[in-house]
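Position 160, counted from 1, in the sequence shown is what numbering that gives the first Met the number 0 calls 159; the numbers after and before it change by one each time, with no gaps. Everything below concerns the one structure shown next.
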Amino acid sequence: MKEIRGTSNRYLFIDLTNQAWRVHQASADDLKNFLGGKGLALKIYYDLCKDRLAEIDPLGPDNLLIFANGVLLTTGAPCSARFEVLTRSPLTGYMVASSCGGPFGEACKTAGWDGVIVAGRAEKPVVVRFDDREVVFEDAGDLWGAGTRRTQEELLKSPKDGAAVIGPAGENQVLYANICSGHRFAGRGGVGAVMGAKHLKALVARGKEYRFVPVDREKFARTLKKAKAHIRRSPFTQGLKAYGTNMNTRFGIDSGYTPVRNFRDRYHPRTEETTGEVMARRYNTRHSTCRYCSVLCGHKGMYPDGKMRVVSEYETTGMFGSNIGNFDTDRIGVWNEAMNDLGMDTISAGGTIAWAMEAGEKGLRQTELSFDHHDNIGQILEDIACRRGEGAELADGTKRLSEKYGGKAFAMHTKGLEFAAYDPRGCWGHGLSYAVHNKGGCHLGSYLVSLEVLLGYMPPLTTLGKASWVVFCEDVFAGINSLQTCLFTALSIMTEPVVPKYLPKAMLNVATIVFPKISQSLMNWSVYADFFSAITGIPMNQWQFKKAGERITKLERYMNVRMGQTPGEDTLPDRFTKEAVTKYPVASAVPIARMVRQYYRIRKYDPQTAGPSEKDLRRLGIAV
């Protein structure tokens, strides 16, 4: 096996139209400034498309689909077996990046590639196989229409192989179709629809030709030991190990962020039937995780029908549980399995179905979907994936449906991306993150619910300090996403210092909102900068790492503005801002306009354009 110190910076550029390929070499400066993974993929997209950003059709041949590996991949760093898929989203019209913990990334990297850039459109469905020397284009006609499970079973011919595939939803360009690798998914924003529009059924990498070693092995070993220790002793990690992400259900019930009937309400007594504790007992769960995982949030278990299934994540449980009036977790498990095989995002699917149920109640649109009856959900999911019957419309998502039929006030999305299962009336900072995140309604933009509720570091129902924390977390998380390690590691590593860990919660609550900058400086994310510098040999401290995250965030925002984003899209639907009274005992309406103004001021965004100034971009070294 050949050895590479640091990273190769080599990307495989595949032209589907001409069935040709070449090497795209990224620069060392771009690696330093954008950290690899998502950040470097974004810079590559910008460099190759900056003269035509506004004209690119997300489902057209000119759109690029980039698979990017991080510098941590294959090193054994915690939770680092991840890759990113980046493109212009057909759901939102803006840039989208979605992370996946499947085996394709490792196979691709150990084939000698830091990523794959896919351009053009094949005349007929194809599978593209590659290793370190050769690219082969194979007819995929026999697999077109197959689910993600069968596709991988037929394509993976060796333990050295790893695949990224789409199901029928991607083939039929469902706007929230995902990409599957193993039993993990690049789920959000319709990346699978872009892959389907290119007639690309699968990418298959044959790896294990190269091994990547850190430039500074001793520093890497020290950093690895520290990171594992922080993660191991974190209470947050212990909760995830025990109950998976469904531990969030208990927090949601207690704090009022569980979505009920299309986010109409924030409490239902039967939500108790869907907690992580209940599901762990019912299914006798065990761990089913990504490689190199130290958090162990993924679980599987035995269902009453005698079948072993992956237990749905919290977001899926919430969106297909209380959000559609269903409290049968057995059904959620079956639907989750079906959506995974069909290749569609469970969050957007659940949000779209819930909107359709409410629109039907209000007489805006004819539908057989209802909050009180769920026997037809399995069929409607197949119809969405195949774009037939009512599913043909539901495949376009909530935003387009509400523009056609009305009901924008209860269309639960930002910028076209449906919200995950966190009602921001229970966590105002998280609502701000929904509103302003470049990707749209993504819960992982800054994941402020973790500090507001899960860790209890700050009071959730205040605007004080929230804009500062969203900016801070966006920048640090953009860096972590570009290393391609799991964000769950951050909630263990960044909170390890003595002050945030041991300061009484009452004092911490005051400090975080009154003195946010000081509080942020007492956190420690140097582990990530140390990992980067140990592997690449490029010196970096935690503040330079954060600045790289800022650079990534603002380049993405600038590209979105070029693609048509306006200030009016940085907001929340009326349900969150005007409907304060719900069945949860504490009334709450999110004062989003005030927080957005604060966010713009800290970001130095122009309120007329929603984006950074050319001067600010030049400060960050971004040529416009």
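Glycine included, every Cβ here is placed at the ideal spot set by N, Cα and C.
Put simply, the backbone Cα of Gly305 is about 42 Å away from that of Cys472.
Note on the region 566-608: there is no whole beta strand (DSSP E) run with a minimum of 3 residues. By the neighbour-count definition (other C-beta atoms within 10 Å, threshold 16), Gly111 is a buried residue. Between the alpha carbons of Asp138 and Gly5 lies a gap of roughly 36 Å.
Residue state for His286 is assigned as strand, using DSSP reduced to three classes.
Annotation: the continuous beta strand (DSSP E) that includes Asn68 extends over 64-68.
Sequence-distant partners of Cys426 (beyond 5 residues in either direction) whose C-beta falls short of 6 Å from its own C-beta, in its chain, are Tyr256, Val448, Glu451, Val452, Pro459. Per the Cβ contact rule, the region 429-442 is in contact with the region 561-575 (3 or more Cβ pairs under 8 Å). The alpha-carbon of Tyr45 is positioned some 8 Å away from that of Met558.
The three-state reading of DSSP puts Thr74 in coil, since its state is none of H, G, I, E or B.
Excluding five sequence positions before and after Ser401, the CB atoms of its chain that fall closer than 6 Å to its own CB belong to Lys407, Ala410, given in chain order.
The alpha helix (DSSP H) runs lying completely inside the region 330-378 and spanning 4 residues or more are 345-360, given in chain order.
By the beta-carbon neighbour count (other beta carbons within 10 angstroms, threshold 16), His286 is exposed.
The straight-line gap separating the alpha-carbon atoms of Val126 and Val203 is approximately 7 Å. Separation of Thr86 and Leu482 (C-alpha to C-alpha, rounded to the nearest whole angstrom) is 18 Å.
For Ala241 against Ala201, the beta-carbon gap comes to about 36 Å, at or over 8 Å, which does not count as contact. The beta carbon of Asn247 sits closer than 6 Å to the beta carbons of Tyr313 from its chain, once the five residues preceding and following it are set aside; these are given in chain order. Of the residues Tyr421, Asp395, Ala337, the one whose Cα lies closest to the Cα of Gly377 is Ala337. Going by beta carbons, Gly166 and Asp395 fall outside the 8 Å limit.
In this structure, DSSP gives Val513 a helical state, which the three-state scheme calls helix.
Per the DSSP secondary-structure output, Tyr242 pairs with nothing in a beta bridge. The C-beta distance from Phe66 to Gly101 rounds to 11 Å, too long to meet the 8 Å contact threshold. Annotation: His442 is outside any alpha helix (DSSP H) and is labelled neither H nor E by DSSP.
Pairing Ser97 with Val190 gives a Cβ-Cβ distance under 8 Å. Put simply, of Arg600, Thr91, Ala145, Lys218 the residue whose alpha carbon is nearest the alpha carbon of Leu199 is Ala145. The beta-carbon separation of Arg231 and Ser311, rounded to 26 Å, does not stay under the 8 Å limit for a contact. Asp329 is positioned such that its CB atom lies closer than 8 Å to that of Tyr302. By the neighbour-count definition (other C-beta atoms within 10 Å, threshold 16), Pro268 is an exposed residue.
In the DSSP assignment, Gly161 forms a beta bridge with Ala204.
Boundaries of the alpha helix (DSSP H) harbouring Cys48: 36-48, taken from the DSSP string. In the displayed model, Gly430 falls within a helix according to three-state DSSP. Under the three-state reduction of DSSP output, Trp20 falls in the strand class. In terms of CA proximity to Leu380, Ser347 leads the group Glu360, Ser88, Ser347, Ala358.
Burial state of Gln24 is exposed, judged by a 10 Å Cβ sphere holding fewer than 16 other Cβ atoms.
Between the region 473-492 and the region 69-83 there are three or more inter-stretch CB-CB distances shorter than 8 Å, so the stretches are counted as touching.
In the three-state reduction of the DSSP assignment, Asp422 falls in the coil class, being assigned neither a helical nor a strand state.
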